[in-house]
Structures are given as structure tokens and as C-alpha cells.
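This report refers to the structure that appears directly beneath it.
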Amino acid sequence: MYLAPSMDLKMVVNDQRKKKVPQRKRRTRRRQTKLPYEDLLDEIVWEILIRLPVESLLRFKLVSKAWRSIISDPVFVRAHLHYSKQKHHSSLSFLIIPQIYLEPDPSHIVSTNIRFYHCSLQQQQQQDDTMSGSASASLLYGKHFEAGEFELVSQMAHCDGLVLLPTDTNTYIFNPAMRDVLELPKSHRNIVQHSVVPIGFGVDPSTGRYKVVRSFYYCIYHSSDCHHIAMGMEVFTINDGQNGSWRETLIDPPALILRAHTAIHCKGCLFYYIDRESHPCATRVLLRFSLADETFGFTPLLPSMDTQVEDEDIMVHELDGELCATFFSKVVRQVLIWMTNDVLDPQWKCHRIINFPEQCYPIASLSHDGVLLRRCNSLFRYYFKAKGVKEEETLGIDDLRFIGPTDDIMGHAWENVCWFDLLLYTESLVPITHKAGLQAL
Numbered sequence: 007m008y009l010a011p012s013m014d015l016k017m018v019v020n021d022q023r024k025k026k027v028p029q030r031k032r033r034t035r036r037r038q039t040k041l042p043y044e045d046l047l048d049e050i051v052w053e054i055l056i057r058l059p060v061e062s063l064l065r066f067k068l069v070s071k072a073w074r075s076i077i078s079d080p081v082f083v084r085a086h087l088h089y090s091k092q093k094h095h096s097s098l099s100f101l102i103i104p105q106i107y108l109e110p111d112p113s114h115i116v117s118t119n120i121r122f123y124h125c126s127l128q129q130q131q132q133q134d135d136t137m138s139g140s141a142s143a144s145l146l147y148g149k150h151f152e153a154g155e156f157e158l159v160s161q162m163a164h165c166d167g168l169v170l171l172p173t174d175t176n177t178y179i180f181n182p183a184m185r186d187v188l189e190l191p192k193s194h195r196n197i198v199q200h201s202v203v204p205i206g207f208g209v210d211p212s213t214g215r216y217k218v219v220r221s222f223y224y225c226i227y228h229s230s231d232c233h234h235i236a237m238g239m240e241v242f243t244i245n246d247g248q249n250g251s252w253r254e255t256l257i258d259p260p261a262l263i264l265r266a267h268t269a270i271h272c273k274g275c276l277f278y279y280i281d282r283e284s285h286p287c288a289t290r291v292l293l294r295f296s297l298a299d300e301t302f303g304f305t306p307l308l309p310s311m312d313t314q315v316e317d318e319d320i321m322v323h324e325l326d327g328e329l330c331a332t333f334f335s336k337v338v339r340q341v342l343i344w345m346t347n348d349v350l351d352p353q354w355k356c357h358r359i360i361n362f363p364e365q366c367y368p369i370a371s372l373s374h375d376g377v378l379l380r381r382c383n384s385l386f387r388y389y390f391k392a393k394g395v396k397e398e399e400t401l402g403i404d405d406l407r408f409i410g411p412t413d414d415i416m417g418h419a420w421e422n423v424c425w426f427d428l429l430l431y432t433e434s435l436v437p438i439t440h441k442a443g444l445q446a447l
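With this note's numbering as the guide, the letters of the sequence shown map in order to residues 7 to 447.
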């Protein structure tokens with residue numbers, strides 16, 4: 007049938023209007039519905055990303071908003087950390103931080119230029135196998151503070167890719183892989199200024215948050231004749247969403263800490279040596295601080311420990327996730343390694359006995375029934391079946407080639423070294439500042 011042009015045009019337009027609206031709705035609904043293969047692609051991307059190093063992930067944040075969202079997700083950060091820890095067991099990595107005197111004649115004033123060098127045990131083994139030259143460590147991150155910012159530093163500590171630097175003026179937390187640093191706020195509780203104090207750093211297993219625990223000294227009473235100094239403890243929680251300040255613990259430590267040292271972190275607790283003169287007891291004990299409920303307790307050391315073993319001969323540390331006490335017997339010239347899985351009511355078991363003429367302590371277990379030991383500035387592999395050390399498998403930290411971005415392949419050696427901080431290291435995406443979540447190289 008023939009229709010007039012005007013009528014034909016009107017009917018076509020009306021027809022198109024009726025059809026357009028539902029078509030748009032249908033297309034909108036299709037975009038909102040995620041297809042099954044898209045979920046599969048997301049899982050594949052996730053599995054690929056958690057296997058990449060932090061340096062690559064920071065770059066990939068710039069690829070798309072979707073990737074930035076994935077990499078910044080706290081669930082992904084934890085998954086990446088878990089994978090990094092698993093990889094760490096097969097290939098041990100270290101951070102080496104040289105603490106340098108400012109003057110050739112040691113004045114105990116150290117440089118404010120903090121450098122984190124990365125060294126892989128697997129990489130050193132490959133260099134030895136290929137005879138490619140002496141061992142090396144590459145600069146991962148460096149931070150130069152203003153001259154006079156601090157003069158004294160204490161032993162550094164590592165937890166989940168984060169590193170604690172205690173000084174006589176302030177406390178700092180680094181994430182070297184993300185090239186980020188957090189300066190903790192100052193506290194005015196301590197009456198002993200410009201000195202390093204007992205400190206510790208670890209993760210609260212109940213919340214997953216990282217805490218710095220620091221001692222301070224205060225005066226109980228003061229008269230013209232005498233004054234009495236007591237010790238308190240304060241806690242700082244990183245990225246807790248609060249005002250970011252130090253909190254004093256509800257009760258003071260039940261014993262004075264022996265000296266200004268950095269606590270050992272193991273199983274959600276910090277462990278300190280105590281001053282046995284101020285707190286006499288029948289057996290040696292460690293002061294324990296729980297990062298979860300922020301309470302104190304005592305963890306007994308070996309009750310049957312040789313009385314001839316002095317406190318300075320005992321090294322308490324974490325080994326393979328357990329609390330470890332290593333001590334050197336000068337009488338029989340042996341290194342005894344004791345371990346316990348229970349830090350509250352420890353059942354100490356003698357893990358290993360090493361016939362060695364000098365004091366040393368284990369850093370990590372190795373495959374083929376071996377252990378990695380540190381003695382002063384040397385690392386060496388000890389094999390229990392062979393009952394000895396292969397000299398070619400000794401790594402001298404003093405002999406390392408330290409390579410920075412402006413150095414050639416020969417690198418350089420350090421002079422006027424006070425000591426080397428050596429930390430087992432697992433890189434991570436754990437943020438310590440608000441900008442870290444947005445940071446990309």
C-alpha cells in the first residue's frame with residue numbers, strides 16, 4: 007500500500023523512537039553484567055601481578071586505573087607479601103646498611119647519609135660459579151638527612167619489608183623498595199635527651215598493623231639530695247587512622263631493660279634483655295611485650311644454661327619463625343643453638359651444636375642440612391653432615407663491592423665503618439605514608 011510521504015516519515019520516526027529506548031536500556035544492562043571470562047582474566051592478571059617485584063608494580067600503577075586499584079588494594083598487598091616471603095625461603099635476600107663514622111678518628115658521630123644495599127645469596131652463588139668476580143651489593147635506596155639531624159644510631163630492625171632506624175633524636179621507618187620514609191613524631195616523655203633508648207618494631211597479629219614500641223625515662227621523685235628514675239613505654243601505630251601520636255602503655259615494664267638495644271620480634275611479641283641487678287631472679291629471663299594487647303610478661307631462657315656463660319655470650323633472635331637462643335661456651339668452644347615454638351611457656355630444645363672456636367649465630371636455615379651463620383662482618387655456610395665450613399663459601403661484608411647508580415661495575419668499598427646492619431629482607435608494598443599508596447616511579 008502506498009503512503010503519503012509526510013505520513014510515511016512520521017510513522018518511521020515514531021517507530022525509531024519506540025525502538026531506541028529499549029535498545030539503550032538493553033545495552034546498559036549488558037555493560038553492567040560481567041561476563042564469565044572477565045572474571046577469569048582478572049584472576050590471571052592478579053596471579054601475574056603478585057609475582058612481580060615492587061619496582062615493576064609501581065610502574066604498572068600508571069598503566070590503568072584498574073591496575074592501580076588492584077595493586078593498591080590491601081588484600082593484594084598482603085597476597086604479594088605472602089608470595090614474597092615464600093620466594094624468600096628459596097632465595098635469601100639481605101639489606102646491608104653501612105654505618106659510617108664522619109671522621110677517621112672515631113668520634114662516635116655517624117653519617118646522616120643512610121644507604122640500603124641489596125644482596126642476594128643466590129646471586130652471590132651464581133657469581134662464584136661463573137667466576138665473574140667478587141661479590142657485590144647494589145644500592146636499593148638512599149636517604150640523605152641534613153647534617154646534625156642525628157649523631158648516634160642504634161641497631162636497625164626489619165619486618166615485612168619495613169625497616170626501623172632508631173637515632174638519638176628521632177625514629178624513622180623506611181620502605182626501601184617503595185623509596186619512602188616516615189619520620190615519627192617527637193615525644194616529650196623522655197627526660198634523658200640526645201641518647202638512644204631501648205626500642206622495638208613489629209606487626210600486631212590481631213590487626214595486621216605495625217607498631218613501634220619505645221622506652222622512656224621519667225623521674226618519680228626528686229629532691230636536693232637524690233632523684234629516682236623509672237622506665238616507661240610508649241607505642242606508635244603506623245597508619246592507624248588516628249592522630250598519629252605516641253601512646254603510653256597502661257603499666258610500666260616490670261623490669262628495667264639492660265641497655266639501649268633493639269628488641270627481637272617473634273610471634274607478635276618483642277623481647278628485651280633485662281637488667282638482672284635491678285630484677286634478680288633464679289634463672290635468666292627475657293622481658294616480653296605483646297603487640298596485640300600491649301601487656302608485659304617474662305619468657306624464661308634455658309634453666310639449665312651453663313652458669314659460666316655470660317650475658318654477652320647469649321644471642322636471642324628469630325630463626326625460621328621460632329624464638330632462638332644461641333650462646334657460645336668458651337670452656338668447650340662450642341656454639342649451641344636452642345629453639346622454642348612457644349614464647350609464653352617455652353619448651354627449649356637443643357636444635358644444633360656447632361664445634362666452632364668463636365662466637366657466631368645463625369641467620370637462616372639452608373637446604374642440604376645447612377645453616378647460614380654470621381661472625382662479625384662475615385657470613386658463611388655451615389653444613390652439619392660435613393661438620394664444617396667451606397672457605398670458598400664465606401662472604402666477607404667488608405670485601406663486598408658496593409654499587410650505586412653512579413658507580414661502575416667495580417663499585418667501591420667503605421672506609422671508617424662503625425658497623426654493618428645486616429637484615430634478612432623481603433620487599434613489600436606495605437604503605438607507611440599516605441603518599442605511598444599513590445606513589446609510582
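A virtual CB, placed ideally from N, CA and C, is assigned to each residue, including glycine.
Because the structure is a prediction, the values reported are computed rather than measured.
C-alpha of Asp174 to C-alpha of Glu328: approximately 31 Å in a straight line. Between the region 346-359 and the region 278-290 there are fewer than three inter-stretch CB-CB distances shorter than 8 Å, so the stretches are not counted as touching.
Distance from the Cα of Pro191 is smallest, within the candidate group Ser296, Ser201, Thr177 and Ile197, for Thr177.
In chain order, Thr332 and Tyr367 place their CB closer than 6 Å to the CB of Met321, counting only its own chain and leaving out the 5 sequence neighbours on each side. Proximity to Cys330 across His271, Ile102 and Arg339 peaks at His271, based on C-alpha coordinates. At the C-beta level, Gln105 and Thr268 stay beyond 8 Å of one another. Comparing alpha-carbon positions, the option among Ala266, Gly167 and Phe66 lying closest to Val198 turns out to be Ala266. Within the same chain, and ignoring the five residues on either side of Arg74 in sequence, the residues whose Cβ sits closer than 6 Å to its Cβ are Lys67. Around the Cβ of Asp317, a 10 Å sphere holds fewer than 16 other Cβ atoms; the residue is exposed.
For Lys355, no alpha helix (DSSP H) segment is defined; the enclosing uninterrupted segment is the beta strand (DSSP E) at Lys355 to Asn361. With a 10 Å radius around the Cβ and a threshold of 16 neighbouring Cβ atoms, Pro211 comes out exposed.
In the DSSP assignment, no residue is bridged to Cys366. Under DSSP, Ser144 shares a beta bridge with His124 and Ile409. In its chain, beyond the 5 residues on either side, Leu145 have a beta carbon closer than 8 Å to the beta carbon of Pro411. Positions of the beta strand (DSSP E) runs, each at least 3 residues long and wholly inside the region 260-336, are given as 270-272, 275-279, 291-296, 302-306, 320-325 and 328-335 in order along the chain. Shown here, Ser75 sits in a helix according to DSSP, grouped into three states. Rounded to whole angstroms, the separation of the alpha carbons of Ser221 and Pro204 is 5 Å. Residue environment: Ala298 is assigned as exposed (fewer than 16 neighbouring CB atoms within 10 Å of its CB, all protein chains considered). The alpha-carbon separation between Phe122 and Lys217 amounts to approximately 22 Å.
In this structure, DSSP gives Val51 a helical state, which the three-state scheme calls helix.
In this structure, the straight-line span from the alpha carbon of His323 to that of Asn422 is close to 28 Å. In its chain, beyond the 5 residues on either side, Leu378 and Arg387 have a beta carbon closer than 7 Å to the beta carbon of Leu372. For Arg65, the enclosing alpha helix (DSSP H) stretches over residues Val60 to Phe66. Within the same chain, Cβ atoms closer than 8 Å to the Cβ of Arg215 are found at Val209, Thr243, Ile244, Asn245 and Asp246, the five residues on either side in sequence being excluded. Note that the C-beta distance between Ile102 and Leu325 is not below 8 Å. Ile403 carries a helical assignment under DSSP once its states are collapsed to helix, strand and coil. Using a Cβ distance threshold of 8 Å, Ile77 and Leu63 count as a contacting pair. Per DSSP, the continuous beta strand (DSSP E) segment holding Gln105 begins and ends at Ser99 to Ile106. A direct Cα-to-Cα measurement between Ala143 and Trp252 gives close to 36 Å.
By the Cβ-count criterion, Pro286 is exposed, with fewer than 16 other Cβ atoms from all chains shown falling within 10 Å of its own Cβ. Only residues of its own chain outside the window of five on either side were considered, and among them Tyr107, Leu108, Glu109, Glu157 and Leu158 have a CB closer than 8 Å to the CB of Ile115, listed in chain order. Straight across, the Cα-Cα distance linking Trp425 with Leu401 is about 16 Å.
Burial state of Glu433 is buried, judged by a 10 Å Cβ sphere holding 16 or more other Cβ atoms. Residues Val349 of the same chain have their beta carbon placed closer than 6 Å to that of Lys273, with the five preceding and five following residues left out of the count. A residue is called buried once 16 or more other Cβ atoms fall within 10 Å of its Cβ, and Thr289, having fewer, is exposed.
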